[in-house]
Structure formats: C-alpha cells, structure tokens
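Below: one structure, written as structure tokens.
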Amino acid sequence: MPPEARRSAILAAATELMAGHGWDTVTVSGIVDAAEISKGGFYHHFSSKDAVMEAVIRDLAASGLDSAVRALDTTEGDALKRFTAFLTAGLDWESARAETLDQIARIAAQRGNDPFFGRLQENAIEHLRPALVALVRAGAAEGTFSMSDAETGPAVDLLLHLLLSRWRTIAEARGHARAGAPDLARRIVADRLNAESALMARVLGLTEVQAASLAEGRTGYAGSLSAS
C-alpha cells in the first residue's frame, strides 16, 4: 500500500472507531486491524494513538473549513445569499459527522487539551477571516450589508467568535439527547442558532426581511442534531 494511502487508511479507521466506540477505547492494535496494515506501517506515520487523534482532528477541521469556504465561493447571488450558503454548508457538514464531532468535543473538554484546540481555532480564524472580510466588504458595497469599511474587521471577528464557540453548546445539547431528553437538546440548539442569527443580523445591519431569511436557512439543524 502506498504511504499516502496507508496514512489515509489509518485516519479513516481511527475516525470510524472513535465515532462508534469513543476515543478512550480505541487502541493502536484496533486501528491497525481496522486499517488492515502492520504495526510497522502504523508507526511509520504516527508515534502514538494520540498523534493519530491530533491528525484526525486537524484533517476534520480542514475539511469543515474547506466545505464552508467552497460554498461561499461557488454560490451565486448577493452577499447575504452567499453568507447563508456558507453557514448552511457548515451546519450540514457538522450534522453529517455528529458522532465523530461529539467524541472530539469530549476530548476538547478534557484537562490539558486547551493548547491544541486553541491552535486549531487560530488556524480556523486564519483560514476563514480573509474570505469573510471580502464577503462583508462586497456586501457593503452592493448595499446588502450596512456598515462602514472601518467596521468590517471587528464585524468579522465577532462573526467568527460566534461560529467557533458554538461547539460547546452543541456538545451540551448532545449530552442531553444521549440522556433521553431530546426536546431539551433541540431547544438548546435552536436557542443558540436563533441568538446567533439575531446577532449576525445586527452586526451586518440587515433589514427585518433579510434577518428572517438568514434565520430561516438554519432552522433544520436543531432537529437533526438532537435526534442523532
């Protein structure tokens, strides 16, 4: 098996095992067996199980960011339509990987993991900020958003904070869903998304009609997450 294919097989096996059983139960032997490789092949790429975990999370984060930016770049229409597509793509990506992201949220909550996840957030900001700054400036120029050029940077920083801090709320909601309280989970997520939409509308200077359109594009996520 070529080295890149072997590395991909390791990460795919580790991701599947993590989603199905939880990371604490995953072993190097289990990954090796699931990937159908030798232990030597494993250690050619990774020094430990934790090194695999970090690679899985980095690759997942990059995939999620790329999915959202791709939606932003390929959607036609005004800035609000493109921004809505960006948000929807992110939520769809999260929903499709709910079990894996649930396990990652548990890892993130463990003591000592803040530096690693802090670096991930910094990378996410570095990846997303230029695209969102360009979008907001274009929206202001076309009259879709209402703000001055000087307000663009702070506005984007606030949008990024809202988006990148959501995972804690999602993790809390999924915990309630697992404990047999799906209605509570659904309400927690819906409240978070509604609050996000309201704040985003204020930041971008949207009209009531625009704000309603933005919120409407995100209504399905709460139900899909709490049911998973």
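For the sequence shown, our numbering begins at 1 and goes up steadily by one.
Think of the CB as a built atom: it goes at the ideal place given N, C-alpha and C, for glycine as much as any other residue.
Evaluate the contact criterion for the stretch 130-150 versus the stretch 201-211: three or more CB pairs, one atom per stretch, below 8 Å.
yes
Among the residues of its own chain, which have a CB less than 6 Å from the CB of ALA89, if the five just before and after it don't count?
SER67, ALA68 and ALA71
Sequence-distant residues of the same chain with beta carbon closer than 7 Å to HIS127, five excluded per side:
LEU65
Which term fits THR25, buried or exposed, when burial requires 16 or more other beta carbons within 10 angstroms of its beta carbon?
exposed
Which residues in the same chain as LEU162 place their Cβ atom closer than 8 Å to its Cβ, once the five residues preceding and following it in sequence are excluded?
GLU196, LEU199 and MET200
Which complete alpha helix (DSSP H) runs does the stretch 97-143 hold, if anything under 4 residues is left out?
98-109 and 114-142
Specify the secondary structure class of ASP149 as computed by DSSP and reduced to three states.
helix
What residue does the alpha helix (DSSP H) around GLY205 start on, and which one ends it?
It is not in any alpha helix (DSSP H) - GLY205 carries neither H nor E in the DSSP assignment.
Continuous alpha helix (DSSP H) assignments of at least 4 residues falling wholly in the stretch 171-205
182-204
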